[in-house]
Amino acid sequence: MPALFGPDWRRACSVRRCSIVEVDDFIKAHYLAKRPAIVLLCLVAEKEGEPIGCIVYSAPPHEAEIRYGGRVWELARLYLLDEIPRNAESWLIGQSVRYIKRHHKDVKYLLSYADPSVGHTGTIYKAANWRSDGRTDSERKTPRCDYYDSRTGKKYGRRGNMPLDAVVVRKPRVSKWRFTLTL
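Note that my numbering has the sequence shown beginning at 1126, numbered continuously upward.
Here you go:
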């Protein structure tokens, strides 16, 4: 059984604010492999001064503040090295929540998504006491779609971003699980 992120690890680890550039290697290793569009907060996790991962908060979808009735930040990227023991994700989320409560009192809600298309079910959010808030497409009449150029296989989020000569294939997106935390 893999080691747990226990008391010895907790004593040896810390979190500090950093620039997104400082954690670019972690962002590239994340399954999405790119930065979120609008970064609001970036924290690096360190063990005895050596970086072991990061957590990044970004601007949420524009309807989020209307939906929740207050200032919302989205937990957009969470990455820890593979050799870090189990349960470290919950610890890192907890550290980031404490940081936001201390330094960003205007933020009232945190929001994140678990993508079932890559095997995510929201286990880390449940372990960190976040509340399940349904699925991303539950209120939509039609599912969101991605567009692919069948010649190249390249994926596009919008039809308008595709080259004019693209051979368009439209595929519905997998609805993601949505999780929130009230601060």
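Note that beta-carbon positions come from the ideal geometry of N, C-alpha and C, so glycine has one too.
According to the DSSP assignment, Arg-1192 belongs to the alpha helix (DSSP H) that extends over 1189-1193. If you ignore the 5 residues before and after Ile-1218, its C-beta comes within less than 6 Å of the C-beta of Ala-1253, all in its own chain and listed in chain order.
Within the DSSP secondary-structure output, Tyr-1234 pairs in a beta bridge with Val-1197 and Thr-1307. When secondary structure is reduced to three states using DSSP, Glu-1147 falls in the helix class.
The alpha-carbon of Asp-1133 is positioned some 11 Å away from that of Pro-1210.
By the criterion of a C-beta distance shorter than 7 Å, Gly-1178 is surrounded in its chain by Phe-1151, Ala-1170, Tyr-1204, Leu-1205, Leu-1206, Ile-1209 and Leu-1217, once the five residues flanking it on both sides are discounted.
An exposed status is given to Ser-1257, since fewer than 16 other beta-carbon atoms sit within 10 Å of its beta-carbon.
Looking at the DSSP output, Glu-1171 sits in a beta bridge with Ser-1139 and Pro-1176. Going by DSSP, Tyr-1273 is part of the beta strand (DSSP E) stretching over 1270-1274. By a beta-carbon distance limit of 8 Å, Tyr-1234 does not contact Leu-1168. Their separation comes to about 18 Å. Here the alpha carbon of Gly-1278 sits roughly 40 Å from the alpha carbon of Lys-1172. The count of Cβ pairs closer than 8 Å, one atom from the region 1223-1232 and one from the region 1286-1302, stays below three, leaving the stretches out of contact.
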